[in-house]
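From first to last, the protein sequence lines stand for chains A and B. In terms of our numbering, the first sequence is residues 1 to 327. In terms of our numbering, the second sequence is residues 328 to 815. Quick reminder that beta carbons are idealized off the backbone N, C-alpha and C, glycines included. Every value quoted in this text rests on a predicted model; they were computed, and no experiment measured them. Here the structure is laid out as structure tokens; the discussion comes afterwards.
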Amino acid sequence: MLKLVLRLAGLLGVVGLVAGLGLAAGLRAGYVDAFYARFAAPPASSLVLGTSRAAQAIKPGVLAAQLGSRYQGPWLNYAFTLAESPYGPGYLSSIERKLAPGTQHGLFVLAVDPWSLSLPKNVQRDKSLQDYKSRVLNKLDGRIVFPEEKSMVSQLASVSQSPNLDYLAHYLHKPFYQLLLDTDSAHVIERLHPDGWLEIALPPPSTNPALLHRRMAEKLVTYRALAATNTLAVAREVSLQQTITFLQKHGRVVLVRVPTGPEMAALEQHYQPDFDKRLTALATQEKIPYLNYIDQAYPTNDGNHITRGAAEQFSQRLAADIARLAP
Amino acid sequence: MLFNSLHFLVFFPVVIGLYFALPGRWRAPLLLVSSYYFYLSWKPAYGLLLAATTLLDYFSGVRMSRLASPAQRRPWLYLSLASNLGTLFIFKYFNFFTHTAVELAAALHVPFAAPTLALALPVGVSFYTFQSVAYIVDVYQGKLAAEQHLGRFALFVAFWPQLVAGPIERGGQMLPQLQQPHGFDYGRVASGLRLMAWGMFKKVVIADRLALLANPAFDHPQGFEGPALLVAVAAFTGQIYADFSGYTDLARGAARVLGYNLVLNFRQPYLATSVGDFWRRWHMSLSSWFRDYVYIPLGGSRAGKVRTQLNVFIVFLLSGLWHGASWTFILWGALHGTYLIAESLTAPSRAALAQRLRLPARPGLQRLLSTGTTLALVAYAWIFFRANSLPDALYVAGHLFQGWGRLPTAQLTAALAGLGRHFGAELLVAAIAVALLALSDYRAERGSVARWLAGWPVAGRWAGYAGLLLAILYFGVFGSSQFIYFQF
């Protein structure tokens, strides 16, 4: 038995060494995906939160340059996607894990839109035996099962490790060898910067209007379907409120409605005409500012996300507006 | 728990370590506990069902062993069969049959409504119920002595390496092994680990990569035609073999490490020279089950030509239904039944044609033609197995030969889209991996791969093992991909 154990140890040692060297080379020179760098970054004191719209529109580097003297760093864009990080218990837990311990004067930009505060109309409810007591006590028709409960952001326990083996083992959805192929940034359309900003390196919309129109049309189809099946949810608003309450203990919270394309803005207005009124009321109640840029015109890649050039301009504008806020 | 999960990566060494560290008498109890843990990790409620059917089968077997005449044993046989097949019917087929009845009634304008059961299919239920049915029938027929030890019988049903997707073991093969001591044997353990590594390679490097090629066209077939559909069908043909035989290698390898021999389930099926030959090489434990417990009781080949063909057709219809409660699976089974009947009826004329073409003088060419034709027929039938619905299956089957007149660039680009940005590299990896699998099957057809490997110098062999593990790590497609046969 000892012979086999020794031989296996030798074999696994060699394999582990070669794999480890490959992993180190891949992580050093290559590109993992649109999420990994946020989980490999150290805990942050100032965070940009929300979904893909904020991930692509707000550059923490720009905010840090203008506001770094007033708020604690490090700065990180910790916004993911609508499927991964709508406001809910899962995202809040992840934020709690990501926030640097001892943060007192951070800045927290919470991007909001109707989609990230919605749930399916036929939302699933957990009526399991384990939840019976809670249901009886709270007179609820079962606990709401947030669709993102099993998602990466909700599930990942280690959010500030480099290399983040937990992430790589569970959520790397490309074969390992491709890390070594993705070293040429010039040929990569999507690039996640170390500060968490997601750059989409598409040519400007003006160079290929037909492609832009096709993308816009596809995006609108997706969101119209979403509007038909979803509705603004109290449970999400409660989660947003809990997120605000938690972050207020660690610094300043600002609610921001990030600009989007005019057709998408119109769809959102049609979907939830009272959205701004509700958010304004929430901001007033929580005594935080609500900066609404939905009517501001910025070019987009797909009718939803503003371009990388526009992200620079918008981040400058946002930083300036936050700087002007009363202390 | 999946064999290709991190959970199993912890479970396996812990169980193996404990197994060899414990005194012999504690090993079987450990295996039973670990088997139930393995099974309960999917859904604890499934464990109750497994335990209940195990208890009923155990007591039926014990009771039958104390009764002399078949007439006295028969009620216990029926009770056990009703329990096993009833479980299978309720969990797997109830909704299918009621849905079909409702649709039929609607077509005939007859008012009819039927309830639907909101039950999840317990993992592996088709496998362990068939294993139990074989046991109880063998005991009833007096071919097998009933197992008197409840723990041993429970382990026979729940043995974790083969619990959820086979091979479907027979009592006569497995129960005696459960009584034997299983000490540590270097050669056996090393051979088991080798088989597991090869199974893992087949699953994560080949099957899950080919799935990326097959899925786009099978999930939305209406956007594809000819060339792209052919790529998808070919990819699925490779995927299902690598997936299921990979699982079987993992199961047989893990059992071998523990000291148990599970039956062979695959014997180079794509090198078969006829569809009949294919079924003697593919999922052999299921084929032999249907032969022994359906085909032969129906009369087998003893009741005339027509009845024999009918029996074959019934067996393949049932085999299709066993795979899934859907018309696509039934059609898949029917297609194979039709192939076999046609093969039997045309045998004399095919032999005459081969003589006229002087093929027996060129056995290599004859073999190539037979194998190629068989593979094409089997691949065509896989369309019905993989398609998500009957209309999808009919679309793929009908459009496979359309759209070949023009340059298929756009179609092929769409077909390769599933491989992502590095589709060139992915195709190369897939081609090399499939070539390795083909080479391994070719070697196995000519003799034992293990013996061939044993002829290598030690350094070369260990470098090969390291290469295999590194290939799994570097080129494996990881995620939450289940084994295809888990759904059955």
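Contacts of residue i in chain A (Cβ-Cβ under 8 Å)
i, result
"residue 801/B", "19, 22, 175, 176 and 177"
Contacts around residue i, its chain only, beta-carbon distance under 7 Å, and the 5 residues preceding and following it disregarded
i, result
"residue 722/B", "548 and 549"
"residue 157/A", "166"
"residue 374/B", "363, 366 and 367"
"residue 420/B", "652"
"residue 335/B", "328 and 329"
"residue 605/B", "596, 599, 701 and 705"
"residue 151/A", "83, 84 and 90"
"residue 518/B", "583 and 777"
Neighbourhood of residue i by C-beta, 6 Å cutoff - its chain only, sequence neighbours within 5 removed
i, result
"residue 192/A", "34, 37 and 198"
"residue 147/A", "none"
"residue 8/A", "none"
"residue 298/B", "Past the edges of chain B, shown from 328 to 815, lies residue 298/B, and the structure says nothing about it."
"residue 525/B", "576"
"residue 394/B", "400"
"residue 376/B", "449"
Range of the contiguous beta strand (DSSP E) that encloses residue i
i, result
"residue 290/A", "290-292"
"residue 111/A", "106-111"
"residue 402/A", "One cannot answer for residue 402/A here, as it falls past the ends of chain A, which runs 1 to 327."
"residue 49/A", "46-49"
"residue 190/A", "190-192"
Where the alpha helix (DSSP H) containing residue i begins and where it ends
i, result
"residue 411/B", "397-415"
"residue 218/A", "209-229"
"residue 616/B", "611-617"
"residue 77/A", "It is not in any alpha helix (DSSP H) - residue 77/A instead sits in the beta strand (DSSP E) that spans 75-77."
"residue 573/B", "553-585"
"residue 668/B", "654-672"
"residue 120/A", "No alpha helix (DSSP H) contains residue 120/A, which is instead part of the beta strand (DSSP E) from 118-120."
"residue 306/A", "First-last for residue 306/A: undefined, no H or E at that position."
"residue 202/A", "Neither: residue 202/A is in no alpha helix (DSSP H) and is coded neither H nor E."
"residue 16/A", "2-29"
"residue 645/B", "632-650"
Chain-ordered chain A contacts of residue i [CB-CB under 7 Å]
i, result
"residue 333/B", "169"
"residue 513/B", "3 and 4"
"residue 517/B", "4"
"residue 797/B", "15, 18 and 19"
"residue 347/B", "1"
Check: residue i C-beta below 6 Å from any heavy atom of the ligand ATP
i, result
"residue 757/B", "The model on display carries no ligand, and the ligand ATP is accordingly not part of it."
Closest residue to residue i among the options (Cα-Cα distance)
i, options, result
"residue 655/B", "372/B, 364/B and 423/B", "423/B"
"residue 463/B", "497/B, 366/B and 643/B", "497/B"
"residue 400/B", "409/B, 522/B, 435/B and 469/B", "469/B"
"residue 379/B", "485/B, 351/B, 507/B and 475/B", "485/B"
"residue 500/B", "726/B, 465/B, 596/B and 578/B", "465/B"
"residue 79/A", "66/A, 32/A, 88/A and 110/A", "110/A"
"residue 285/A", "319/A, 200/A, 271/A and 238/A", "238/A"
"residue 391/B", "356/B, 404/B, 661/B and 577/B", "404/B"
"residue 442/B", "456/B, 427/B and 451/B", "427/B"
"residue 98/A", "64/A, 41/A, 229/A and 145/A", "41/A"
C-beta contact flag for residue i and residue j at 7 Å
i, j, result
"residue 545/B", "residue 713/B", "yes"
"residue 574/B", "residue 176/A", "no"
"residue 316/A", "residue 259/A", "no"
"residue 154/A", "residue 68/A", "no"
"residue 532/B", "residue 798/B", "yes"
"residue 858/B", "residue 449/B", "With chain B covering only 328 through 815, there is no way to say anything about residue 858/B."
"residue 602/B", "residue 707/B", "no"
"residue 783/B", "residue 553/B", "no"
"residue 411/B", "residue 456/B", "yes"
"residue 660/B", "residue 639/B", "no"
"residue 451/B", "residue 359/B", "no"
"residue 87/A", "residue 308/A", "no"
Contact list for residue i against chain B, beta-carbon separation under 7 Å
i, result
"residue 181/A", "749 and 752"
"residue 11/A", "789, 792 and 793"
Contact set between residue i and chain A, taken where Cβ atoms lie within less than 9 Å
i, result
"residue 373/B", "The contacting residues do not exist; residue 373/B stays about 15 Å from chain A at best."
"residue 804/B", "173, 174 and 175"
Neighbouring residues, chain B, relative to residue i (Cβ below 8 Å)
i, result
"residue 14/A", "793"
Cβ neighbours of residue i in the same chain (closer than 8 Å, five flanking residues each side left out)
i, result
"residue 515/B", "583, 584 and 586"
"residue 194/A", "37 and 41"
"residue 724/B", "707, 710 and 711"
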